[in-house]
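I have placed the structure first, in the form of structure tokens, so that the comments after it can refer back to it.
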Amino acid sequence: MFAEERQQLISALVAERGRVSVTDLADRFSITTETIRRDLAALEVSGNLRRVHGGAVPSDRLSTREESILERAVQRQVEKLRIANAALSLIPQLTTGSVLLDAGSTTETLADLLAQRTPPATGTDELVVITHAIPIAGKLSSTQGIALQILGGRVRGLTQAAVGQSTVDAAHKLRPDIAFVGANGIHATFGLSTPDPEEAAVKAAFVTSARRVVALADSSKLDAETLVQFATLKDVDTLITDSEPSTELAAALADAGVDVVIA
Numbered sequence: 038m039f040a041e042e043r044q045q046l047i048s049a050l051v052a053e054r055g056r057v058s059v060t061d062l063a064d065r066f067s068i069t070t071e072t073i074r075r076d077l078a079a080l081e082v083s084g085n086l087r088r089v090h091g092g093a094v095p096s097d098r099l100s101t102r103e104e105s106i107l108e109r110a111v112q113r114q115v116e117k118l119r120i121a122n123a124a125l126s127l128i129p130q131l132t133t134g135s136v137l138l139d140a141g142s143t144t145e146t147l148a149d150l151l152a153q154r155t156p157p158a159t160g161t162d163e164l165v166v167i168t169h170a171i172p173i174a175g176k177l178s179s180t181q182g183i184a185l186q187i188l189g190g191r192v193r194g195l196t197q198a199a200v201g202q203s204t205v206d207a208a209h210k211l212r213p214d215i216a217f218v219g220a221n222g223i224h225a226t227f228g229l230s231t232p233d234p235e236e237a238a239v240k241a242a243f244v245t246s247a248r249r250v251v252a253l254a255d256s257s258k259l260d261a262e263t264l265v266q267f268a269t270l271k272d273v274d275t276l277i278t279d280s281e282p283s284t285e286l287a288a289a290l291a292d293a294g295v296d297v298v299i300a
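With my numbering applied, the sequence shown covers 38 to 300.
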């Protein structure tokens with residue numbers, strides 16, 4: 038196989054999978070890792086991908102790149118619905134309790150499902166839902182059986198969520214039963230991350246405050262690293278995603294004691 042042909046296949050694999058490793062590519066093409074590294078270097082120069090430790094990711098997966106909540110809402114909708122349905126099954130329906138919903142398109146989908154769920158027959162039990170996300174608050178503000186609490190702060194337009202010290206302080210004064218948090222990246226060694234420091238501070242407060250932490254992340258977030266770490270894998274109790282993690286990430290999740298649910 039000519040180098041150009043192999044590089045085209047590598048570029049297609051990166052686009053399809055979101056991340057490839059040097060060793061896996063060497064095994065796939067039956068060539069040395071040194072040759073693969075030269076291929077990746079050539080593809081990075083041409084702008085087809087970005088090299089990271091041990092492999093490569095798409096060129097648009099930069100540490101500070103962040104799409105708006107409106108852009109994310111129309112991406113991978115089927116996968117996010119599956120993840121949200123799996124998350125919904127963790128929320129008790131007939132008893133009182135409290136959940137915290139982080140900002141994000143997958144947690145918004147979970148809010149949609151909560152809004153559609155039949156309220157308790159007694160009419161007395163209420164689920165306390167805490168959020169700092171304006172879209173989620175709008176979806177649940179008049180839902181029967183839900184007592185909504187909003188954390189205040191400066192609203193960040195890109196995510197339509199409150200951020201800042203007041204939001205962090207408010208989160209630290211709570212102890213919800215479950216926090217459903219999103220992440221822009223979940224990595225074997227770097228843990229959970231997001232591009233913006235203020236968003237990261239709020240997410241870190243959510244993780245610290247909750248009795249149980251459930252990360253909701255579609256497979257495009259797996260093996261990714263963005264600028265700011267807000268939690269280690271050991272801080273997470275459950276990861277709900279739509280595809281099996283890579284071998285490296287799966288081993289790290291197992292070592293950290295994270296229960297992985299494939300929706």
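All C-beta atoms, glycine included, are put in the ideal place defined by N, C-alpha and C.
C-beta atoms of residue i and residue j nearer than 8 Å
i	j	result
residue 287	residue 270	no
residue 275	residue 295	yes
residue 164	residue 243	no
residue 197	residue 237	no
residue 252	residue 273	yes
residue 233	residue 116	no
residue 173	residue 133	no
residue 226	residue 267	no
residue 186	residue 154	no
residue 77	residue 93	yes
residue 60	residue 69	no
residue 79	residue 45	no
Rounded C-alpha distance that separates residue i from residue j
i	j	result
residue 184	residue 175	13 Å
residue 149	residue 120	13 Å
residue 57	residue 260	9 Å
residue 224	residue 151	29 Å
residue 292	residue 277	17 Å
residue 65	residue 142	35 Å
residue 245	residue 239	10 Å
residue 167	residue 54	34 Å
residue 74	residue 67	14 Å
residue 299	residue 118	12 Å
residue 255	residue 91	22 Å
residue 219	residue 285	21 Å
residue 204	residue 247	15 Å
residue 40	residue 221	33 Å
residue 202	residue 147	26 Å
residue 170	residue 50	35 Å
residue 128	residue 206	25 Å
residue 126	residue 135	14 Å
residue 179	residue 162	15 Å
Minimum Cβ-Cβ distance from residue i to chain D less than 8 Å
i	result
residue 286	Going by chain labels, chain D is absent from the structure shown, which holds only one protein chain.
8 Å contact criterion, which residue i and residue j should meet: CB distance rounded
i	j	result
residue 208	residue 188	6 Å
residue 95	residue 52	6 Å
Which residues DSSP lists as bridging residue i, in chain order
i	result
residue 95	86
residue 219	253
residue 166	136 and 185
residue 278	299
residue 266	230
residue 224	228
residue 121	The partner list for residue 121 (beta bridge, DSSP) is empty, contrary to what the question assumes.
residue 126	None, per the DSSP bridge assignment.
residue 259	223
Query - Inter-stretch contact (C-beta, 8 Å, three-pair minimum) for the segment 175-192 and the segment 212-224 - result: no
Query - Given 8 Å, three or more beta-carbon pairs between the segment 111-130 and the segment 70-88 - result: no
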